[in-house]
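Under numbering that gives the first Met the number 0, the first residue of the sequence shown is numbered 0, with each subsequent residue one higher. Backbone N, C-alpha and C fix where the C-beta goes; we use that ideal spot for every residue, glycine too. These figures come from a predicted structure and were not determined experimentally. The structure appears below as structure tokens.
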Amino acid sequence: MAASNAVPQQQQQQLNSFIDDVKCSKAMDKLVDMKINFLAIDFDQTMIDIHTGGRWRGTVPELAEHIRPLFLHLVPQATQRNIRIAIVTFSSQTKSIREVLDCAFPTISELIPIRGSDGSWTYAGNGKRGGKQNRMASAAEELMAKPALGVCDVTKNTTLLIDDDPNNISISLKDGTRAVWFNPRHPNRLLDDILRLE
Numbered sequence: 000m001a002a003s004n005a006v007p008q009q010q011q012q013q014l015n016s017f018i019d020d021v022k023c024s025k026a027m028d029k030l031v032d033m034k035i036n037f038l039a040i041d042f043d044q045t046m047i048d049i050h051t052g053g054r055w056r057g058t059v060p061e062l063a064e065h066i067r068p069l070f071l072h073l074v075p076q077a078t079q080r081n082i083r084i085a086i087v088t089f090s091s092q093t094k095s096i097r098e099v100l101d102c103a104f105p106t107i108s109e110l111i112p113i114r115g116s117d118g119s120w121t122y123a124g125n126g127k128r129g130g131k132q133n134r135m136a137s138a139a140e141e142l143m144a145k146p147a148l149g150v151c152d153v154t155k156n157t158t159l160l161i162d163d164d165p166n167n168i169s170i171s172l173k174d175g176t177r178a179v180w181f182n183p184r185h186p187n188r189l190l191d192d193i194l195r196l197e
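Here you go:
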């Protein structure tokens, strides 16, 4: 009995993956149409389905298991469209985050800057420093300093923040940067929210 259930379950998973790919493709095409070339993505409770509080004690493969399937589709599809990605987080565990990205996205992880609370970066610009603004600005500066990445014109108008914290979303919107609130309880709504952007 278990074997007969395994085949339909596997087919359903493949169908769901195909549907996710199609919807994700439409959402990424929407971002291209909107001239978005930079996605700043929060890590805890957004890219992953838990909140580490910056104190993850497990292994990197264990943490990588918490990446939401949605982002396993979104990140590569965005990168294929020359939309650059950065992780913007308040976590200080950026080394672990880097290793998680290496596990999940081995061919593109080196293209993804990480800005966390680890003291490894600074932002000397005159932009807003609240919320994730300085992290996004610093990551954008890094991307634009590497012309080989193909992005040389990141601005507030070409940036989209994806974050589960409404405060970070509010600060971003008030500062003139597009943002989408990520609902951790309904992660797949993100694609619908992107498709509704104007």
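- Each residue's CA atom was taken as its position, placing D117 and V87 some 12 Å apart.
- Between G124 and A136, the alpha-carbon positions lie close to 8 Å from each other.
- Residue burial annotation: V31 is exposed, with fewer than 16 other C-beta atoms found within 10 angstroms of its C-beta.
- Close CB contacts of L189 within its chain, under the 6 Å cut and outside five residues either way in sequence, are with F181 (chain order).
- Annotated three-state conformation of L142 is helix, per DSSP.
- When DSSP assignments are scanned along the region 23 to 101, the uninterrupted stretches of alpha helix (DSSP H) that are 4 or more residues long and fall wholly within it turn out to be 59 to 63 and 68 to 79.
- Cα atoms of Q44 and P146: separation of roughly 32 Å, rounded to the nearest angstrom.
- Minimum Cα-Cα distance from I66 among the listed residues F89, S24, R80 and M46 corresponds to M46.
- For I170, the three-state secondary structure derived from DSSP is helix.
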